[in-house]
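Here you go:
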């Protein structure tokens with residue numbers, strides 16, 4: 117518990133909580149949940165029995181996991197181990213300011229915004245991300261949310277009010293939170309981003325976390341550049357990264 121940790125380091129729970137958040141960008145509880153989720157994913161991916169994986173991840177008992185299963189994995193442990201089997205992922209292919217785009221939604225919220233050059237490539241990426249989920253074309257209700265997403269991106273106002281399904285490790289979520297704090301029209305280097313989260317030597321890991329982002333524009337990983345200002349390492353291509361940055365710079369002029 118936070119109280120026992122605070123006692124171990126001779127600090128009040130309040131000050132430990134504040135110091136932890138300043139140092140890591142997450143609350144102790146948030147870090148614990150993300151760390152457990154990562155351990156659980158790793159154990160399930162190795163084929164461990166579900167109960168054993170739950171205890172290995174650090175849950176005190178199975179009931180404490182099942183109370184928060186949806187928040188931990190976005191699906192049940194059995195579904196996760198099967199690659200999202202029986203999980204419904206709705207999707208829509210649509211136009212946006214730079215061509216084609218796929219927007220996908222799980223039961224928890226928007227889970228992927230994928231720009232691309234062709235519908236076939238976008239559908240292949242969707243299947244890679246959610247290999248055995250049920251991929252269902254958008255219904256009328258989801259189409260309305262897709263229009264909201266595209267309108268926000270096209271107007272460069274990506275502070276969506278829609279619910280998001282963001283799944284990642286504790287470190288990835290820390291990086292993504294820092295990305296969302298970069299103002300539109302500005303860029304930072306990978307070294308600066310690593311320093312921002314208090315891990316100045318983790319430049320490669322930061323770049324990897326940027327590359328794991330599935331929510332283009334909403335989590336603006338395109339605003340991270342090399343130390344010399346050169347563009348590199350964008351999941352959806354350097355050309356598209358340059359287009360996004362140019363458009364954002366024009367907005368701020």
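Residue numbers (my numbering): 117 to 369.
The C-beta atom is built at its ideal place from N, Cα and C for all residues, glycine as well.
Fair warning: this is a prediction, and the values are worked out from it, not measured in the lab.
- Restricting attention to 229, 218, 222, 226, the CA atom closest to the CA of residue 236 is found in 218.
- Secondary structure at residue 215: strand, using DSSP grouped into helix, strand and coil.
- By the criterion of a C-beta distance shorter than 7 Å, residue 321 is surrounded in its chain by 287, once the five residues flanking it on both sides are discounted.
- For the pair of segments examined, the stretch 237–257 was found not to touch the stretch 305–318: the number of CB pairs separated by less than 8 Å stays below three.
- Remark: fewer than three beta-carbon pairs, one from each stretch, lie closer than 8 Å, so the stretch 287–301 and the stretch 347–360 are not flagged as touching.
- Comparing C-alpha distances from residue 207 to each of 238, 311, 168, 348 shows the shortest one belongs to 238.
- A check of alpha carbon separations from residue 245 across 220, 263, 224 identifies 220 as the nearest.
- For residue 269, the secondary structure class from DSSP, reduced to helix, strand or coil, is helix.
- With a cutoff of 8 Å on beta-carbon distance, residue 334 and residue 309 are scored as not near each other.
- When the five nearest sequence neighbours on each side are left out, the beta carbons in the same chain lying within less than 8 Å of the beta carbon of residue 212 are those of 231, 266, 269, 270, in order along the chain.
- For the options 133, 210, 351, the alpha carbon positioned closest to that of residue 261 is the one of 210.
- Counting of Cβ neighbours within 10 angstroms places residue 136 among the buried residues, the total reaching 16 or more.
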